[in-house]
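Structure first, commentary second.
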Amino acid sequence: MTIQQGQVDVKQEDNSQYLNKASAMEMETYDQSGRQPVLLGFLIAVIWLLIGTVLGDLSSFKFDHPDLLSGQAYLTFGRIRPAHLNAMVYGWASTAMFSVSLWLMPRLCRTRLRWGRVASCGILVWTAGLIVGLVLLLQGYSDGLEWLELDRMWADPLLVVGAAMVGASVWRTLAARNVHHLYVSVWYVAASYPWFLIIFLAGNLPFYRGVESAAVNWFYAHNALGLWLTAVNLALIYYLLPKIIGRPIYSYWLSLVGFWALALFYALNGMHHLIGGPIPSWMIATSITASIMMVIPVIAVGINQHMTVVGRFGAMRYSPALTLAVIAAMSYTAVSLQGIMTALVSVNRITHFTHWTIAHSHLGLYMFVTLSLFGGMYYILPRVLKREWPSRRLIRLHILLTGGGMALYIIALGIGGVLQGLSLLTPGTGFEASVASTKPWLMLRSISAVIISVGHLAFIYHSYLLAFSRKHSTTQLPPFIEFKPVLVKERKS
Amino acid sequence: MLMGALATVIFALVILVILPSSLLSHVEAPPQLKRPSQQELLGRQIYISNGCIYCHTQQVRDAEITADVSSGLGNRASVPADYVYDAPNLLGTMRTGPDLFNVGVRLPDSNWHLLHLYQPRALVPWSIMPAFPFLFEHKPKAEKGDKVLKVPAAYAPKQGVVVITPEAAALVAYLTSLRHDYPIPDSPAFKESQP
Amino acid sequence: MFANSVVLITLTLVIGLPPLVCLFMALSAGQLDDGGSSAESIFEEQELRYSRPWETRRQMQDRVQQHGNLMNNPRAEWERWL
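Protein chains in written order, with our numbering: chain H, 1 to 493; chain L, 494 to 688; chain S, 689 to 770.
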């Protein structure tokens, strides 16, 4: 084997050097090895975030003004709403998650990123597939299944190839690793790519009919959350929390229990979206049982992350990345427990088919996934670009607006959903009552959507400043330093 | 490694053995369920491409845990056999609008549906359903063979007429075809879905 | 077609079985043995010795005991932000 000059992972001897901890310079080499795909992914993700926000706002406003922009077919609610979901899930979250995994793997495997070009091409292919799919969706070509609307002829093959290419880079890096023990984040990231490919392919096969089609639909949609979106973001949180706090994860063993329980038991969950529906009762019973069993990994993850941070919440004043990671970790516990609760028949009979579901999915996809990815970007981008975020005020604005706006969103729609559900359960009131009971809450949702959008604009502008302007940070204070410490006593120096 | 492979085989065997073959039964279409016509299938496609599924379900849930039957969505809960001709499924997850599983029974009038699609608030003032004017054509004058929709003055265009397109007609044909009021067929496969 | 979906059972197995195999492989390869060092493997050398401004006196004493005397982070990370 020839050794190139300047290459960090020298292989001619044994790898005893990797038994020691990495030097800061070594880490920097790993960060730079993935610079191209990581930055490309984040750039594309931010653009999708903007597009998805506009689509989401428009969908929300259409509830308050049903005649808003209804003249053109491509602007009708039934096309804008799935476009919002797909732009956010496959555009924003997934593309940012590509970058996160391509940044995490070299650091955790202690080797430079392999096949980085393949990963970059994969991200571009993925994006091309998504553009094709979304344009077709707005034109009215939909596969008709929630979360799987993108055209199975023209869009899905590109998405599969793109994800496989990024996955190939991740796995090639894993194969070239210089560590023996895999950190828990590696398990999550490495497993998530084959998982995603299997479920996405299986979900898109064209030969399901009738209720089987519904069953496969929810098998996919639920596992896309659990085995793809959750997996990569938990990996990120498992890295960021200990790293920033400066102490190892509370119980490494517990984190592995969380991972393996997810891996072994998650697949059965999806059918609880069809409770009461025309599905054999044994399937739904299995699914409810599996959902309740998810308490084990959720509590394992929750306790572990809480015990890592506990007593040190003051660190959140110093680090926006930590602030976001902590909120995201708490939201993961919250959304999972809420999901388990919603899978119980006594709750489900009220909340099924209502806006409660939308509130729940935003707690998961926004408060957990999106905030975790924002946190990741706050941490990763300065290290890859070797520049500091220029403005503390923009960071503060962004986090307060998006966090606060989404809290309002979830509370408003949660209340609206329960009222709607109770009204639907009362025979004889007529359908009008259920519509009337949600209207004020939908209005409140639109207001929070505007707040969140302003937060996104602040973030996108800030990312632009970081990447392209020559202005650099002049202040030397963290963004939340002026906030009174709530959970810890201030240190007297 | 060996242990892993062994465990896999054992697990797979157990699953396959404890799954009696009688469980893997087939669902047949009930005799009263009509195979959808070409026009209804086109209408179903319009239903999909305009995302009706995001606000309307097509399922009646178990009467014991919900008010679906008592509030008149159907005379019984839906069963797998009701959906044999559906690909993809349109069960739906939201009831921002009412369930449509039996909309053909509740509202059999095509003209009502056409006007409701053109402007829901012309018929249901409190509705938050979007209007679908793009499923209709505005013409200065009706030509030969055009079907004209009668629209109340408040919602009609200032000039000309509103002509029903084949798409709108197909969608309405699909909607009015949604009738599942026949009794549940009496076979073990159907009973199994009952709790 | 339905009542019991072969497709769904197959899918669940396809998703559920490989992790089981992996779990056994990981166990036999000793991946799950040394949790402590795995948990510390993400830190750079000296990183655990950096003094962190949010820590209480007690937490700092713990840090000194476990990792040696405190140092300032050369990249001044806590004064800026992460």
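By construction, the Cβ of each residue, glycine as well, lies at the ideal position given by its N, Cα and C atoms. Bear in mind the structure is a predicted one, so any value in this text is a computation, not a measurement.
*Three-state class that DSSP yields for W766 of chain S in the structure shown*: DSSP, read as helix, strand or coil, puts W766 of chain S in coil.
message: Under 8 angstroms: do the segment 451 to 464 of chain H and the segment 45 to 52 of chain H share three or more Cβ pairs, one atom per stretch?
response: yes
Assign M622 of chain L to one of three DSSP states: helix, strand, or coil. coil
Checklist entry - Alpha carbon to alpha carbon, what distance is there between G122 of chain H and V100 of chain H? => result Cα to Cα, V100 of chain H sits roughly 14 angstroms from G122 of chain H.
For V301 of chain H, which residues from the same chain have a beta carbon less than 6 angstroms from its beta carbon, with the 5 sequence-adjacent residues on both sides left out?
Closer than 6 angstroms at the Cβ level, and outside the excluded window around V301 of chain H, lie G258.
_So, for Q5 of chain H: in the same chain, excluding its five sequence neighbours on each side, which residues have a beta-carbon less than 7 angstroms away from its beta-carbon?_
With a pLDDT of 42 at Q5 of chain H, under the threshold of 50, the modelled position of that residue is not reliable, and the figure given next carries that caveat. Around Q5 of chain H: no qualifying Cβ.
**Prompt:** Measuring CB to CB, does V384 of chain H end up less than 8 angstroms from L102 of chain H?
**Reply:** Not in contact: V384 of chain H and L102 of chain H (Cβ atoms no closer than 8 angstroms).
Note to self: Quick check: the Cα distance between V161 of chain H and W92 of chain H, rounded to an integer number of angstroms?
What the structure shows: 18 angstroms
Go ahead and label E557 of chain L buried or exposed: buried means 16 or more other beta carbons lie within 10 angstroms of its beta carbon, across all protein chains shown. exposed
query = Could you give the distance in angstroms between the alpha-carbon of H631 of chain L and the alpha-carbon of A155 of chain H?
reply = 34 angstroms
Which of the three DSSP states is assigned to A570 of chain L in this structure? DSSP places A570 of chain L in coil when its eight states are reduced to three.
Q.
If the criterion is Cβ atoms closer than 8 angstroms, does the pair G756 of chain S and R768 of chain S meet it?
A. no
- Going along the chain, which residues of its own chain have a beta-carbon closer than 7 angstroms to the beta-carbon of M165 of chain H, five neighbours each way excluded? V118, A119, C121, G122, V125
- request: Say whether chain H places a C-beta atom closer than 8 angstroms to the C-beta of L736 of chain S.
  value: yes
* Does the separation of the CB atoms of L521 of chain H and P581 of chain L fall below 8 angstroms? -> Chain H is shown only over 1 to 493; residue 521 of chain H falls outside these bounds and no answer can be derived.
If Y648 of chain L sits next to Q612 of chain L, beta carbons under 8 angstroms apart, how far is it from one beta carbon to the other, in whole angstroms?
4 angstroms
Please state the DSSP three-state secondary structure of I657 of chain L. strand
For I76 of chain H, which residues of its own chain have a beta-carbon under 8 angstroms away from its beta-carbon, when the five flanking residues on both sides are left out? Here residue 76 of chain H is Thr; the residue named in the question, Ile, does not match the sequence. Same-chain partners within the cutoff: S70.
- Return the residues of the segment 316 to 349 of chain H that lie within a Cβ-Cβ distance of less than 8 angstroms from chain S, sorted by chain order. R317, Y318, S319, P320, A321, L322
**Request:** Can you give me, in chain order, the residues of the segment 231 to 253 of chain H that have a beta carbon less than 7 angstroms from any beta carbon in chain S?
**Result:** Those residues of the segment 231 to 253 of chain H that come within reach of chain S (Cβ to Cβ, closer than 7 angstroms) are Y239, P242, K243, I244, G246, P248, I249, Y252, W253.
Task: C-alpha distance - T308 of chain H paired with A727 of chain S, whole-angstrom precision - done: 12 angstroms
- Who pairs with A22 of chain H in a beta bridge, going by DSSP? S:E732
Checklist entry - Exposed or buried, which one is M25 of chain H when buried takes at least 16 other CB atoms within 10 Å? => result Burial call: exposed.
- Query: Per the contact definition of three or more C-beta pairs closer than 8 angstroms, is the segment 432 to 449 of chain H in contact with the segment 370 to 383 of chain H?
  - Reply: no
Subject >> chain L contacts from the segment 62 to 84 of chain H (Cβ-Cβ distance under 7 angstroms) >> reply: K62, F63, P66, D67, S70, G71, Q72, A73, T76, F77, G78, R79, R81, P82
Q) According to a CB-to-CB cut-off of less than 7 angstroms, which residues of the segment 695 to 714 of chain S neighbour chain H? A) V695, L696, L699, T700, V702, I703, G704, P707, L708, L711
Outcome for L205 of chain H when other beta-carbon atoms lying within 10 angstroms are tallied against a minimum of 16
Taking every protein chain shown into account, the CB of L205 of chain H has fewer than 16 other CB atoms within 10 angstroms, so this residue is exposed.
| query | Any beta-carbon of chain S closer than 8 angstroms to the one on F459 of chain H? | reply | no
Should S514 of chain L be labelled buried (16 or more other beta-carbon atoms within 10 Å of its own) or exposed? Confidence in S514 of chain L is poor, its pLDDT being 40 and thus under 50, which makes the residue's placement too unreliable to answer from.
Distance, F353 of chain H Cα to I546 of chain L Cα
Cα to Cα, the separation comes out at about 11 angstroms.
Using the beta-carbon count (16 or more within 10 Å), is F265 of chain H buried or exposed? buried
- Helix, strand or coil for F207 of chain H, going by three-state DSSP, please let me know. coil
Just how far apart, CA to CA, sit L517 of chain L and I697 of chain S? Confidence is the limiting factor: at L517 of chain L the pLDDT is only 43, short of 50, which leaves the residue's position unreliable, though a coordinate-based value still follows. Whole-angstrom Cα-Cα distance: 11 angstroms.
Q: Output yes if chain H places a C-beta closer than 8 angstroms to the C-beta of V577 of chain L; else output no.
A: For V577 of chain L, the answer is yes, since a Cβ of chain H falls inside 8 angstroms of its Cβ.
Can a CB atom of chain H be found closer than 8 angstroms to the CB of S729 of chain S?
yes
### Message
8 angstroms is my cut-off, CB to CB: does Q719 of chain S come that close to chain H?
### Response
yes
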